[in-house]
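Okay, so the sequence shown: first residue is 85 according to our numbering, each after it adds one.
Note that CB positions come from ideal geometry on N, CA and C, so glycine has one too.
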Amino acid sequence: MDNAEKTFNPYIRTNDNVGKVMGDVILALFPCILVTFPAYGIRPLLLCTVCVLSTVLAEWLFSMFFLKKKNSVNDLSAVVTGILLSFTLAPFTPLYIAAFGGAAAVIFGKIAVGGLGRNIFNPALLGREFMTVFFPAAMGSGMIWGNESLLKYKYIEIIKSSEPGSWAEYLDRIFFTASGAIGEYSIFLLAAGGIYLIYRERITWHIPFSMFIVIFLGITVFTFLGFDIKIALGGLILGGIYMATDMPTSTTTPAAKIYYGCMIGVSVILCWMSRIEFETLSYSILIMNVFKNPVDSLCRPRVFGTERETFKRILHGFFLFVIIACTVLIVMFFHHNNLIKYLLYIYIIWSAVRLIRSGEVL
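Right under this line is the structure:
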């Protein structure tokens with residue numbers, strides 16, 4: 085018996101953990117942080133820093149108090165939430181509002197529903213909705229989006245060209261354009277970070293690819309029909325690669341991810357047709373967060389030895405499509421009638437009651 089060979093069960097083992105995954109996401113996003121400096125100097129960096137500090141502080145304090153976890157900040161998820169939140173904000177967003185959004189993202193996006201992995205909604209997008217609802221005047225002001233007197237570089241010329249509208253100029257704009265939210269300044273770096281995350285197997289191509297395909301097909305069709313649809317490519321890439329693929333709030337199997345991404349695309353097109361502008365992608369992703377489990381259930385792999393239910397699944401997929409489309413229409417109605425805030429109030433009450441009933445409060 086002393087010479088018996090020691091073996092292990094054939095479980096899949098990995099050296100990865102949440103901290104390593106989040107570290108890769110931070111590494112992918114870091115160049116996008118640095119590239120904001122040529123536009124407004126230290127201001128976007130300060131905005132990002134405030135968001136990160138508020139998310140980390142809220143994570144440490146409320147996780148320790150409510151969930152009895154003292155080291156939850158070590159997984160770096162709060163840092164990622166803070167960076168992504170700042171990437172959705174205008175460069176001159178008041179810092180105290182950014183701090184509020186960061187705290188709300190963690191408290192109501194994670195802590196109130198039990199912590200990392202249990203969140204229903206993407207915390208960064210939820211935090212932004214809190215900012216919009218509780219500070220509508222500031223968040224709706226055009227003053228926060230830019231200041232010509234403080235703007236250092238609108239574009240950076242990398243490829244020399246004397247012809248306006250040339251491919252060289254277009255490529256320069258892809259690398260850097262100081263327009264929109266601070267996370268949208270470099271389409272090139274956002275895409276490069278996404279490729280890095282796919283290479284590192286932190287995300288897969290299914291959700292962003294299917295989302296982009298549906299959106300661009302929709303734009304082509306509705307432009308042909310006479311609709312005036314304006315696209316912010318940087319925002320789409322930021323949302324599709326870094327927001328929609330959030331692990332706890334997105335689907336799991338390849339088929340489910342493709343359906344999920346397609347429905348985000350459909351939601352975006354519907355919102356654009358309804359003349360919703362800044363909240364389009366945020367609404368679309370948050371709506372699909374709600375339908376994560378139904379989509380996973382619809383697209384679950386067939387158990388070996390069981391009958392194929394192709395027609396039944398197609399029918400269920402169509403019904404789910406109708407339900408999602410109706411949900412988008414309801415959200416559009418709430419948006420145009422200034423009722424979104426009541427949905428947020430209901431969520432705050434629900435999450436607070438859920439946390440208290442879970443017994444996780446001290």
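Task: Where Thr261 sits in the DSSP three-state scheme - done: If DSSP states are grouped into helix, strand and coil, Thr261 belongs with the strands.
TODO: Output the distance between the C-alpha atoms of Leu281 and Val163, rounded to the nearest integer angstrom.
DONE: The straight-line gap from Cα to Cα measures roughly 17 Å.
Open item on the list: Can you give me the C-alpha to C-alpha distance between Ser246 and Ile313, rounded to a whole angstrom?
Closed with: In this predicted model, Ser246 has a pLDDT of only 48, less than 50, meaning its place in the structure is not dependable enough to derive any value.
Task: Span of the alpha helix (DSSP H), counted from its first residue to its last, around Lys376 - done: That run of the alpha helix (DSSP H) goes 376-382.
TODO: Specify, as a first and last residue, the run of the alpha helix (DSSP H) that Ala112 falls within.
DONE: Annotation: the continuous alpha helix (DSSP H) that includes Ala112 extends over 102-118.
TODO: Pick out whichever of Tyr237, Gly224, Asp100 has its Cα sitting closest to the Cα of Ser263.
DONE: Distance check between Ser263 and each of Tyr237, Gly224, Asp100 places Tyr237 closest, using alpha-carbon atoms only.
Task: Arg286 classed as buried or exposed, judged by whether at least 16 other C-beta atoms fall within 10 angstroms - done: Buried, by the Cβ-count rule.
Task: Simplified DSSP assignment, three categories, for Tyr283 - done: Note: Tyr283 maps to helix in three-state DSSP.
Task: Start and end residues, alpha helix (DSSP H) containing Glu363 - done: First-last for Glu363: undefined, no H or E at that position.
Task: Between the CA atoms of Ile242 and Ile433 - distance to the nearest angstrom - done: The alpha-carbon separation between Ile433 and Ile242 amounts to approximately 51 Å.
Open item on the list: Tell me which residues share the same chain as Leu200 and place their Cβ nearer than 8 Å to its Cβ, disregarding the 5 neighbours each side in the sequence.
Closed with: In the same chain as Leu200, and ignoring 5 residues on each side of it, the C-beta atoms closer than 8 Å to its own belong to Val102, Ser156, Asp159, Ser161, Lys194, Pro332, in chain order.
- [ ] Evaluate Ala120 with the Cβ neighbour count: other Cβ atoms within 10 Å of its Cβ, from every protein chain shown; 16 or more gives buried, anything less gives exposed.
- [x] For the record, residue 120 in the displayed sequence is Thr; it is not Ala. Buried, by the Cβ-count rule.
Open item on the list: Residues in the same chain with beta-carbon distance under 7 Å from Glu143, minus the five sequence neighbours each way, listed in chain order, please.
Closed with: Ser156, Val157, Ala162, Val190.
TODO: Verify whether the separation of the beta carbon atoms of Gly186 and Leu210 is less than 8 Å.
DONE: No.
Open item on the list: Buried or exposed, going by whether 16 or more other CB atoms sit within 10 Å of the CB of Met357?
Closed with: Of the other Cβ atoms in all chains shown, fewer than 16 fall within 10 Å of the Cβ of Met357; this residue is therefore exposed.
Task: Boundaries (first-last residue) of the alpha helix (DSSP H) holding Ala187 - done: 179-193 is the extent of the alpha helix (DSSP H) around Ala187.
Open item on the list: Taking a contact to mean a Cβ-Cβ separation below 8 Å, would you say Gly107 touches Cys135 in this structure?
Closed with: At a Cβ-Cβ threshold of 8 Å, Gly107 and Cys135 do not count as neighbours.
Open item on the list: By DSSP's criteria, Tyr239 is part of a beta bridge. Which residues make up the other side?
Closed with: According to DSSP, Tyr239 bridges with Thr261.
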